[in-house]
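Residue -9 is where the sequence shown starts when you use our numbering, and the numbers rise one by one after that. From the three backbone atoms N, C-alpha and C, an ideal C-beta is built for every residue, glycine too. Here is the structure we will look at.
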Amino acid sequence: MKLATIEAMWETEPAPAAFNVVAWPDMERRENLFAVEVPYGMGLIATRSLTGEIPGINELVDESKDRIRQGALAWQAMQQIRENPRDVDPDVRETFLQNQHTLGYAYLLLPFTDDPVNATNEQIDDAAWSAVPNVWPMFYAFRIMVACGFFFIVLTAVFFYYTSAMKLEHVRQNRRWLLHIAVWSIPLPWIASEMGWFVAEYGRQPWIIEGMLPTSAAVSSLSVTEVLLTLSGFVALYSALLVIEIALMLKYIKKGPDDGTWPDQGRTVAAAGAVPVAAE
Ligand code: HEM
């Protein structure tokens, strides 16, 4: 499902599937309003073959519906076993054992009904679609990360060329825009990491363990106040550290590079980072 949402693949396409470079995914209509495709691209990247099929979101949702129905049987059997754990009816036990691998899916129903076994088709539909992360942020967060990745490769190659050809002075005099790009690129690895982390974590919702344990069934019992207090503590601590760090960095930037002398004692330093030695 994560892969299907990253690629905004609503339908299972005949292998090898096309790769959507740019698309406008619409969650309401459950389709892409437009897409620029590279034929065969997705099939080759994801399956490394011309024959491997990649299931689309709609097909995965249909599979989820079957698992939800099956999971509801396991859920009901589990309730009966809990009521009378010392004397379990063999049929109930058998029902549980046969359907337990889909038990997690029954939990998807709990936000929509208290009675999973008698869930309506509409409730099952809602539960199955609740397991689809919003496609738009997945699609673009992934692409921003990958665009950053390819940009870094090109930038590194360009500067590798200029430094190994000893032409950095030429860059400084004639290609200053390259130095500007380098400086403005400093936040990009951070942005790429955040995007990657977002894809990994948001994309796996609503599961803590895929297909087994939904996040809603695994959250801790901490109150909102407790979470707010600890979060505020962390924010305050790290903000203070950030201010101190930036202040220290600015102080040492203003001081400038080491010219080899200790300003206060008039002693020279043998080499960068070496222990100061007495001046002659
Ligand atoms: C060259 C293009 C790149 C590709 C094809 C790529 C691919 C991926 C994929 C497929 C994931 C999802 C893993 C998952 O959901 O389980 C991911 C996660 C991630 N990526 Fe990228 N990535 C690229 C560039 C980058 C760059 C440049 C950075 C950072 C500088 C980055 C940082 C991350 C991070 C932090 C995660 C989350 C890892 C986790 O929490 O499990 N990625 N990447």
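query: Same chain, Cβ closer than 7 Å to ALA62, neighbours up to 5 away in sequence not counted; result: ALA96, LEU99, PRO106, VAL107, ALA109
query: Backbone CA spacing between PRO196 and GLY31 [nearest angstrom]; result: 28 Å
query: With 16 other Cβ atoms within 10 Å as the buried cut-off, status of ALA237; result: exposed
query: Alpha-carbon to alpha-carbon, TYR192 and VAL122; result: 10 Å
query: 4 or more residues per run - each alpha helix (DSSP H) lying fully within the stretch 28 to 94; result: 31 to 37, 47 to 73, 80 to 89
query: Delimiting residues of the beta strand (DSSP E) encompassing ASP16; result: 9 to 16
query: Heavy atom of the ligand HEM within 7 Å of MET239 beta-carbon; result: no
query: Segment contact, 8 Å Cβ cut-off, at least three pairs: the stretch 12 to 29 with the stretch 59 to 78; result: no
query: Validate contact between the stretch 171 to 185 and the stretch 131 to 149 using beta carbons, cut 8 Å, 3 pairs; result: yes
query: Assigned exposure category for SER154 - 16 Cβ within 10 Å defines buried; result: exposed
query: Reference LEU50; option with closest CA among ARG194, MET(-9), GLY94; result: MET(-9)
query: Alpha carbon of ASP79 to alpha carbon of LEU93, nearest angstrom; result: 19 Å
query: Alpha carbon of LYS244 to alpha carbon of VAL144, nearest angstrom; result: 32 Å
query: Strand pairing of TRP197, partner residues [DSSP]; result: PRO204
query: Residues of its chain near MET156, where Cβ-Cβ distance is below 7 Å and the 5 sequence neighbours each way are ignored; result: none
query: heavy atom of the ligand HEM below 7 Å from PRO177 C-beta; result: no
query: CB contact check: ILE181 to chain C, cutoff 8 Å; result: Among the chains in the structure shown there is no chain C, since it carries only a single protein chain.
query: Extent of the continuous alpha helix (DSSP H) run through ASN111; result: 111 to 119
query: Stretch-stretch touch, CB-based, cutoff 8 Å, three pairs: the stretch 40 to 54 with the stretch -2 to 11; result: yes
query: Where LEU219 falls: helix, strand or coil (DSSP); result: helix
query: Residue burial classification, ALA67 (beta-carbon count within 10 angstroms, cutoff 16); result: buried
query: The ligand HEM heavy atom lying under 7 Å from the CB of ALA128; result: According to the sequence as given, residue 128 is Met; it is not Ala. Every heavy atom of the ligand HEM is 7 Å or more from the Cβ of MET128, so no.
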